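Residue numbers for the sequence shown, in our numbering: 151 to 625.
Using N, Cα and C, we set each Cβ at its ideal position, and we do this for glycine too.
If you're wondering where the values come from, they're calculated on a predicted model, not measured in any experiment.
Right, one structure below, let's go through it.
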Amino acid sequence: MNNVRPRLTLMSEEQIQEAHRNVLKVLSETGVRVDSPSVLRMLELKLGLKSQERVVKFPPEVVEEAIKSAPKTIDVYDRRGRQTLKLGEDRLRFGVGVTALFYQNPVDETPDLFKRENFRDLVRLGSALKHYDVISTVGIVRDVKEEFGDMVGSLEHIANTTRPLVLLVSDEERFPDVLDMFEHLHGRQVGDKPFVIPYFNPVSPLVMNAGTADKMKVAIERGLPVIFSNYSMAGASTPLTPAGTLTLLMAELLAGLVISQTVKKGAPILLGMLPVYFDMRTMLNFYDPQSVLISVACSEMMKHYGIPHCSTSGSGTGWGMDLIAADTYWMNTLALLLSHGHLAPFIGDSLGSKSISPTTFVHCHEIIEQALRLHDGFQLDDANSAVDEIFKVGPGKSFLSQPSTLKNYKSGYYVSGVYPRYSMEKWIEAGQPTARAVLRQKTQDLLASAPAPQDYDELIAKGEEFIRRRFHDIL
151 MNNVRPRLTL
161 MSEEQIQEAH
171 RNVLKVLSET
181 GVRVDSPSVL
191 RMLELKLGLK
201 SQERVVKFPP
211 EVVEEAIKSA
221 PKTIDVYDRR
231 GRQTLKLGED
241 RLRFGVGVTA
251 LFYQNPVDET
261 PDLFKRENFR
271 DLVRLGSALK
281 HYDVISTVGI
291 VRDVKEEFGD
301 MVGSLEHIAN
311 TTRPLVLLVS
321 DEERFPDVLD
331 MFEHLHGRQV
341 GDKPFVIPYF
351 NPVSPLVMNA
361 GTADKMKVAI
371 ERGLPVIFSN
381 YSMAGASTPL
391 TPAGTLTLLM
401 AELLAGLVIS
411 QTVKKGAPIL
421 LGMLPVYFDM
431 RTMLNFYDPQ
441 SVLISVACSE
451 MMKHYGIPHC
461 STSGSGTGWG
471 MDLIAADTYW
481 MNTLALLLSH
491 GHLAPFIGDS
501 LGSKSISPTT
511 FVHCHEIIEQ
521 ALRLHDGFQL
531 DDANSAVDEI
541 FKVGPGKSFL
551 SQPSTLKNYK
561 SGYYVSGVYP
571 RYSMEKWIEA
581 GQPTARAVLR
591 QKTQDLLASA
601 PAPQDYDELI
611 AKGEEFIRRR
621 FHDIL
């Protein structure tokens, strides 16, 4: 098949090697601070290293060995045990979610406290849209007792979809409890045909915080693949230059890789970064076009290492689903699709990631649909070039009844599932709707019709009973 397909290349091989040398220099000469006593002891004993004031310096050979031992691909399953993804050799895949504190309703996008019902509705909505391959934690439930927020949210997470889950647990002490609940509901070990990918962050600059290190160790020991991703505020927690941000964040990622492979050689892991800028005038963080470039550079480094890459999702920008958010999502989605990303798990949040909006789920699904058409390119061969058909029709005639038209008229061009193609007359007849009004109505319709899995009631009942027994309390 002669496929014409666009590609985006950022760094030359020489530049990749230079970036790698810089990262090794940081790890061997500056090192990272490891705040978990048990993980620090493990690194010292297994790797023969010495720490000073919890700072460990990794020699280049230790880092190179960790790179070699990490799997090049990761098999991911759905809750039913069917393999759905092979991260590392497939194209970029997408997911919805973020640990939002507020929910923006699809009627007017006014922020309100994130509730349990919002978790349920957003998981079902994401699952109803075909281009979202994983469903990430979509918020922090705030209408139950605080100590139960992670448990209740994670219960709604697993009960409302059969798709793979990217799991974020805000309370470090609840992480093992959530995995225990999943095993209780699932009926087998979570590491058996894993459908859960826990997500962890270090603390920039160069701190492997205790919660992250300990939770990562627990997940790996249970046989789960993990995402290790960091978050910069360029000019505050990382250098302001793109190259400086890339160097520091890559050093943190490879330190996380060393920890993962020390816990268990061959542990599956995705590495990635969220390179955000920090505006010292407004004290706000935001995505910049160079954020996308840094993420693309990270994807190229991961391709060089042979490690699956967790991409940025273009999230956090905008005030709901508006032009600001659409610009960033378009730029991020297309750039990472045309490079070497494998998973972009956090679509849907806005207002600095404090809120999440279902209208963003729906509009970004449209962006992904169109960006995939660009990514997939087109076939350039004898049949598709239609030279014989052009000869047959000749000058001044129509191709309406020709084989290429009859075969492709339903799929040969993009048709939106949200926005009608109105002529001016039809648009006036429809009351001159704004695109945002059409999006909000479509989102409301999708939320109302998004189905629950058949075992939803059973899982909710079993999960609530598990929480009651585990914590000796009533929700």
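Between the options, which lies nearest to residue i when the distance is taken from Cα to Cα?
| i | options | result |
| --- | --- | --- |
| residue 227 | 341, 326 and 270 | 341 |
| residue 159 | 484, 457, 587 and 598 | 484 |
| residue 328 | 547, 343, 166 and 298 | 298 |
| residue 418 | 533, 405 and 457 | 457 |
| residue 497 | 386, 291, 516 and 594 | 516 |
| residue 99 | 193, 594 and 171 | The requested residue 99 is not part of the displayed model; the chain covers only 151 to 625. |
| residue 215 | 610, 404, 323 and 541 | 404 |
| residue 256 | 593, 461, 564 and 455 | 593 |
| residue 292 | 308, 281 and 252 | 252 |
| residue 459 | 424, 588, 436 and 470 | 424 |
| residue 626 | 210, 245 and 531 | Only positions 151 to 625 of the chain appear in this structure, which leaves residue 626 out of reach. |
| residue 313 | 289, 233 and 619 | 233 |
| residue 431 | 386, 413 and 455 | 386 |
| residue 591 | 258, 305, 416 and 438 | 258 |
| residue 382 | 437, 599, 330 and 368 | 437 |
| residue 169 | 562, 321 and 455 | 455 |
| residue 422 | 414, 402, 415 and 413 | 402 |
Just the C-alpha distance for residue i and residue j, rounded to the nearest angstrom, thanks.
| i | j | result |
| --- | --- | --- |
| residue 263 | residue 502 | 15 Å |
| residue 161 | residue 449 | 10 Å |
| residue 319 | residue 295 | 15 Å |
| residue 615 | residue 522 | 43 Å |
| residue 428 | residue 183 | 23 Å |
| residue 204 | residue 612 | 42 Å |
| residue 537 | residue 166 | 44 Å |
| residue 426 | residue 315 | 25 Å |
| residue 266 | residue 597 | 15 Å |
| residue 202 | residue 276 | 46 Å |
| residue 380 | residue 358 | 10 Å |
| residue 607 | residue 274 | 14 Å |
| residue 338 | residue 235 | 20 Å |
| residue 566 | residue 475 | 19 Å |
| residue 490 | residue 217 | 17 Å |
| residue 285 | residue 569 | 25 Å |
| residue 400 | residue 355 | 11 Å |
| residue 221 | residue 446 | 21 Å |
| residue 362 | residue 353 | 9 Å |
| residue 197 | residue 365 | 20 Å |
| residue 625 | residue 268 | Because the pLDDT at residue 625 is just 48, under 50, the model does not fix this residue reliably, and the point stays unresolved. |
| residue 534 | residue 492 | 30 Å |
| residue 504 | residue 466 | 8 Å |
| residue 433 | residue 462 | 22 Å |
| residue 219 | residue 373 | 16 Å |
| residue 444 | residue 581 | 44 Å |
| residue 163 | residue 451 | 10 Å |
| residue 471 | residue 507 | 7 Å |
| residue 350 | residue 588 | 37 Å |
| residue 287 | residue 345 | 14 Å |
| residue 224 | residue 254 | 34 Å |
| residue 617 | residue 237 | 33 Å |
| residue 416 | residue 250 | 33 Å |
| residue 153 | residue 532 | 12 Å |
| residue 545 | residue 553 | 17 Å |
| residue 610 | residue 435 | 37 Å |
| residue 322 | residue 330 | 14 Å |
Per DSSP, residue i is paired with what?
| i | result |
| --- | --- |
| residue 500 | 505 |
| residue 494 | 244 |
| residue 459 | 421 |
| residue 317 | 348 |
| residue 384 | 388 and 427 |
| residue 261 | 254 |
| residue 358 | 184 |
| residue 235 | 226 |
| residue 434 | 429 |
| residue 529 | 153 |
| residue 378 | 350 and 421 |
| residue 286 | 316 |
| residue 206 | 182 |
Return the Cβ separation of residue i and residue j in integer angstroms, given the expectation that the two are a contact with Cβ distance under 8 Å.
| i | j | result |
| --- | --- | --- |
| residue 347 | residue 376 | 7 Å |
| residue 500 | residue 468 | 5 Å |
| residue 494 | residue 488 | In fact, because the Cβ distance is near 13 Å, the residues do not count as touching under 8 Å. |
| residue 207 | residue 181 | 4 Å |
Are the C-beta atoms of residue i and some chain D residue less than 9 Å apart?
| i | result |
| --- | --- |
| residue 409 | Among the chains of the structure shown, chain D does not appear; only one protein chain is present. |
Task: contact_flag[the region 551 to 563, the region 469 to 485] where n(CB pairs < 8 Å) is 3 or more - done: no
Task: Cβ contact (3+ pairs, closer than 8 Å) linking the region 386 to 397 and the region 237 to 248 - done: no
- [ ] Could you tell me whether the region 174 to 190 touches the region 222 to 236, where touching means 3 or more Cβ pairs closer than 8 Å?
- [x] no
Task: Cβ contact check for the region 504 to 511 and the region 299 to 309: 3 or more pairs under 8 Å - done: Between the region 504 to 511 and the region 299 to 309 there are fewer than three inter-stretch CB-CB distances shorter than 8 Å, so the stretches are not counted as touching.
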